[in-house]
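Below is one structure; the comments refer to it alone.
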Amino acid sequence: MLAAVCLCLGAVFLLPTLKKAFTGEDTGSRAPSAPVELVDLSGLNSPYAVLMDPDSGEILASRNSRESIYPASMTKMMTALLAVENLKDLDETVTLPEDIFPKLYAENASQAGFEPGEKVVARDLLYGILLPSGAECCLTLAQEIDGSEEEFVRRMNRRAQELEMTGTHFCNTTGLYDEDHYSTTEDMALLLKYALQEPEFRQAFTSSSHSTSPTNRHPQGITFYSTMFQALESPQVPGGEILGGKTGYTDESGLCLASLASINGKEYILVTAKAQGDHQTRPYHIEDAVTVYTQLGTSAQNP
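In terms of mature numbering (1 follows the signal peptide of the UniProt record, and there is no 0), the sequence shown is residues -21 to -1, 1 to 282.
Okay, here's the thing in structure tokens:
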């Protein structure tokens, strides 16, 4: 793992439809302006969770949503957003710095599969961040934009302040554990809400796979698969589908997921954190997402 950089993984497991009683616990988050049928987050595997309306920013249901968590690879959503906002041309070619790899190897950081000195289209690095959770893609774009990861992290924290992510502080571009690298599920939902307004981010976030352009090291390109969609038996849920997601995992963060779904023509953001388990156990974080989105769909069908 990367010294100041955190990693995440994910997989998926579908749950049967759970109870249709909607009680929605609110722990001090912004309340919706109108009555809403809410899922019961108290029974989730994840002790930290928030359901948001991305159109209005209203919090529809929450569970410890303003308490601190370690966001793991959900951090990479900020890295990807800043890449989209600050790169002049996503079709430009970027060379992966050789000096980032020894640390990546030493820390056993997740990688997309690029090699030192490889010349890659910036857009492919964006997909490498959001689909396979590639740490080398994060560090490469950070250096391309600001010259160093340290300077880029300063940009991340400034952007977090601008987005009113008041419970967030970043120490690295990927989310590997650092005691001072923290956020909240509510802040992560707010980040995703804004990031999805960028068409390039949304396109990558909602893709299940992506094939890169040929490179000097991979003449046939590389095909990436979303860590969420790869294990998801089906994105379909009652009344709609799960559109995209960014998984995360470290020992300290537990299993995390930031996801987007469309239910009965309405989009929802769900962020969960610190579900027990790891990438070799059942994917409890994704079970939680299926549970919540299933309840939203069945609630509308059976008022």
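No residue lacks a Cβ here, since even glycine has one placed at the ideal position from N, Cα and C.
In or out: Asn195 buried (at least 16 other Cβ within 10 Å) or exposed?
exposed
Supposed close pair Glu115, Leu83 - CB separation, criterion 8 Å
6 Å
With 16 other CB atoms within 10 Å as the buried threshold, where does Tyr272 fall?
buried
Euclidean distance between Cα positions of Arg261 and Thr251:
15 Å
4 or more residues per run - each alpha helix (DSSP H) lying fully within the segment 28 to 62
none
Are Ser112 and Lys55 close, meaning C-beta to C-beta below 8 Å?
yes
Around the Cβ of Gly244, are there at least 16 other Cβ atoms within 10 angstroms (buried) or fewer (exposed)?
exposed
Among Pro26, Pro33, Leu155 and Lys67, which has the Cα closest to the Cα of Ala85?
For Ala85, the closest of Pro26, Pro33, Leu155 and Lys67 by C-alpha to C-alpha distance is Leu155.
In three-state DSSP terms, what is Ser25?
coil
Three or more beta-carbon pairs under 8 Å between the segment 126 to 143 and the segment 151 to 171, yes or no?
yes
Helix, strand or coil: which one does DSSP assign to Cys150?
coil
Rounded to the nearest angstrom, what separates Phe131 and Ser44 at their Cα positions?
27 Å
One or two residues paired with Tyr204 in a DSSP bridge:
DSSP, once it has assigned bridges, lists Ser188 as partnering Tyr204.
Taking buried to mean at least 16 other C-beta atoms within 10 Å of its own C-beta, is Gly223 buried or exposed?
The residue is buried, with at least 16 neighbouring Cβ atoms inside 10 Å.
Where does Ile265 fall in DSSP's three states?
helix
Taking the continuous beta strand (DSSP E) assigned at Arg107, which residues delimit it?
A quick correction: the sequence has Gly, not Arg, at residue 107. Premise fails: Gly107 lies in the alpha helix (DSSP H), Ala101 to Leu109, not in any beta strand (DSSP E).
Excluding five sequence neighbours on each side, which residues of the same chain lie with their C-beta closer than 7 Å to the C-beta of Lys98?
Thr72, Thr74, Thr194 and Asn195
Closest to Ser35 by C-alpha separation, out of Thr191, His258 and Tyr173, would be which residue?
Distances from the alpha-carbon of Ser35 to those of Thr191, His258 and Tyr173 put Tyr173 closest.
Go to Leu83, then tell me how far its alpha helix (DSSP H) extends in each direction, as first and last residue.
Where Leu83 is concerned, the enclosing alpha helix (DSSP H) starts and stops at Phe80 to Glu86.
For Leu236, the nearest candidate out of His264, Leu20, Asp159 and Gln182 (CA to CA)
Residue His264 is the option with its Cα nearest to Leu236.
Where the beta strand (DSSP E) containing Leu118 begins and where it ends
That residue, Leu118, is in no beta strand (DSSP E); its alpha helix (DSSP H) goes Ala114 to Asp125.
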